[in-house]
Each structure stands twice: as C-alpha cells, then as structure tokens.
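Be aware that the sequence shown starts at 563, since it is given in our numbering, and climbs by one per residue. Below: the structure, in structure tokens.
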Amino acid sequence: RVSGTLVWATSQAAPLRSVVAERVELSAAGGWASGGFAADLRLSGAIAFGTQQQSLLRTSELGGGVEGLPSFNSVFLGVTPTPPPDRCGGGGPAVASVGSAPLAAEKPFLFLQNQTLHL
C-alpha cells in the first residue's frame, strides 16, 4: 500500500505485483524504462507509462485509466479500463487487450505491516 504516487522505472527483470496506490508511474522523469510486467494493481488514479518501451499489465483495476502508452507495444490482460485501440496512432505503439485473465496462482511474498512480517 502506497500513499500517493509510486514511481517504478525498471526493466523486465523487476515485476511490480499486488500494489494499492493512488497512481503508478512506470518511468522516471527524463529517463528510460525498458519494458516490464505488473499485476494485481489497485489504483484510485491512473497508471502513466511515460518513457516505458513495452509492457504487460495483468488483472488490475485502474481508477483513473491509462496515461500515455509504451513507445513500442503493450498488452492488457484482465485490466479495467483498457485504452481504446485508437489511442495508438501515427505508427506508434500496438495495444492488445484481453477482457479476462485465466486464474493465476502467484507465489507468496512477504510484506511488513505494523512492524510485523506477514506471508
């Protein structure tokens, strides 16, 4: 759980999972982020792709929708809402959207809450 905006400017080797936040930005100002995977996001605001080059976003709720798209391609799998295909113009990014995702059994992870580790 993040209060405010979470900036996550990484590459394919650093997935973002199970986040509750107001907003997520997938690139740093003026920098480049080269693709990534995010799943199970619950945002009251938007997800902003910025300079992200490609992405896969799965089973997420985006209260504020999508701002910008990756410069090459993006896949939305079981995400609400998804950007309409006409958001990708001028030979820009390709968008693939699938309305629902198959059941995914995620690996458990540790998190800290009230100074106690939980599984």
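Beta carbons are placed, not taken as given, at the ideal position from N, Cα and C, and that holds for glycine.
Can you tell me whether Trp570 is buried or exposed, with buried defined as 16 or more other CB within 10 angstroms of its CB?
Start at 1 with the first residue of the sequence shown, and residue 570 comes out as number 8. That one is buried.
Less than 8 Å separating the beta-carbons of Arg585 and Thr567?
Sequence index remark: in the sequence shown, residue 585 carries index 23 (1-based). Sequence index remark: in the sequence shown, residue 567 carries index 5 (1-based). At a Cβ-Cβ threshold of 8 Å, Arg585 and Thr567 count as neighbours.
Nearest-angstrom Cα distance between Pro643 and Leu618?
What you label residue 643 is simply residue 81 of the sequence shown in a count that begins at 1. What you label residue 618 is simply residue 56 of the sequence shown in a count that begins at 1. Cα to Cα, Pro643 sits roughly 14 Å from Leu618.
Collapsed DSSP secondary structure at Arg563 in the structure displayed:
Here residue 563 corresponds to residue number 1 of the sequence shown, with the count starting at 1. In the displayed model, Arg563 falls within coil according to three-state DSSP, outside both helix and strand.
Applying the 10 Å Cβ sphere with the 16-neighbour rule, what's the burial state of Ser636?
Numbered from 1 along the sequence shown, position 74 holds the residue referred to as residue 636. Buried: at least 16 other Cβ atoms inside 10 Å.
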